[in-house]
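In the working numbering, the protein residues as written are 2 to 170.
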Amino acid sequence: MMPPVVTVVARSGTGKTTLLEKLIAELKRRGYRVAAIKHDAHSFSIDHEGKDSWRLTRAGADTMLIASPQQIAMVRQNPEGVEPPLAECIAAYCGDVDIVLTEGFKRSEMPKIEVHRKARGEPLLCRGETHDPTLIAVASDVRLELDVPCFDLDDPAAVADFLEERFLR
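Okay, here's the thing in structure tokens:
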């Protein structure tokens with residue numbers, strides 16, 4: 002069975018990662034197993050040039066794992082320009098968690114929490130020019146009158162309460 006998935010969206014530099022850090026810590030404190038998936042529209046590498054793992058990947062390994070008593074990491078090559086569907090990634094790697102929190106999948110159909118900062122002065126992504134029906138809440142540094150709950154950006158416990166009530170009970 003797939004765990005519930007909620008994505009945190011916002012414009013770049015608004016504080017998605019910061020909110021997720023606090024939210025993950027709060028959910029872990031409550032005893033939940035949490036997976037995090039970060040979307041990157043650009044090419045990235047977790048491998049470092051010259052390391053054995055980098056050499057194996059560079060040699061052509063389609064999948065390369067690094068395993069230790071503490072953790073496991075995987076580098077898997079995608080076909081050129083083909084990003085795997087998020088649901089496929091969750092099914093393959095997140096079956097043993099209680100909830101999956103993702104960052105940046107703003108075009109997805111999964112439930113979304115949008116981060117908003119007044120200083121950015123920009124309209125909401127999900128309630129601006131378009132009305133995204135998958136928006137379930139907003140975390141903001143100012144009070145907003147919306148058709149979804151609006152939480153204080155500095156109160157990750159309230160956001161965790163909301164997720165717990167909606168997805169984890």
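By construction, the Cβ of each residue, glycine as well, lies at the ideal position given by its N, Cα and C atoms.
Given a cut-off of 8 Å on the beta-carbon distance, is the pair residue i and residue j in contact?
{"i": "Ile-114", "j": "Val-9", "result": "yes"}
{"i": "Gly-129", "j": "His-40", "result": "no"}
{"i": "Ile-100", "j": "Leu-169", "result": "yes"}
{"i": "Ala-37", "j": "Leu-102", "result": "yes"}
{"i": "Val-149", "j": "Leu-136", "result": "yes"}
Tell me whether residue i is buried or exposed, calling it buried when 16 or more other Cβ atoms sit within 10 Å of its Cβ.
{"i": "Ile-47", "result": "exposed"}
{"i": "Gly-16", "result": "buried"}
{"i": "Ser-13", "result": "exposed"}
{"i": "Ala-60", "result": "exposed"}
{"i": "Val-35", "result": "buried"}
{"i": "Val-83", "result": "exposed"}
Output the distance between the C-alpha atoms of residue i and residue j, rounded to the nearest integer angstrom.
{"i": "Trp-55", "j": "Thr-131", "result": "43 Å"}
{"i": "Ala-158", "j": "Asp-53", "result": "42 Å"}
{"i": "Thr-58", "j": "Lys-107", "result": "30 Å"}
{"i": "Leu-145", "j": "Thr-19", "result": "20 Å"}
{"i": "Thr-64", "j": "Ile-73", "result": "13 Å"}
{"i": "Gly-51", "j": "Ala-62", "result": "15 Å"}
{"i": "Gly-122", "j": "Leu-154", "result": "16 Å"}
{"i": "Ala-26", "j": "Met-111", "result": "22 Å"}
State the CB to CB distance for the pair residue i and residue j, rounded to an integer number of angstroms; the pair is presumed to be in contact (CB under 8 Å).
{"i": "Ala-11", "j": "Val-116", "result": "4 Å"}
{"i": "Met-3", "j": "Ile-91", "result": "6 Å"}
{"i": "Ser-141", "j": "Cys-127", "result": "About 12 Å separates the two Cβ atoms, so there is no contact after all."}
{"i": "Ser-109", "j": "Leu-87", "result": "6 Å"}
Check: Which residue spans inside the stretch 16–55 form an unbroken alpha helix (DSSP H) run of at least 4?
Finding: 17–30
Next item on the list: Only counting runs of 4 or more residues, tell me where the alpha helix (DSSP H) segments fall wholly within the stretch 62–100, in order along the chain.
Entry: 87–94
Checklist line | In chain order, each alpha helix (DSSP H) run of at least 4 residues that lies wholly inside the stretch 92–158 | finding: none
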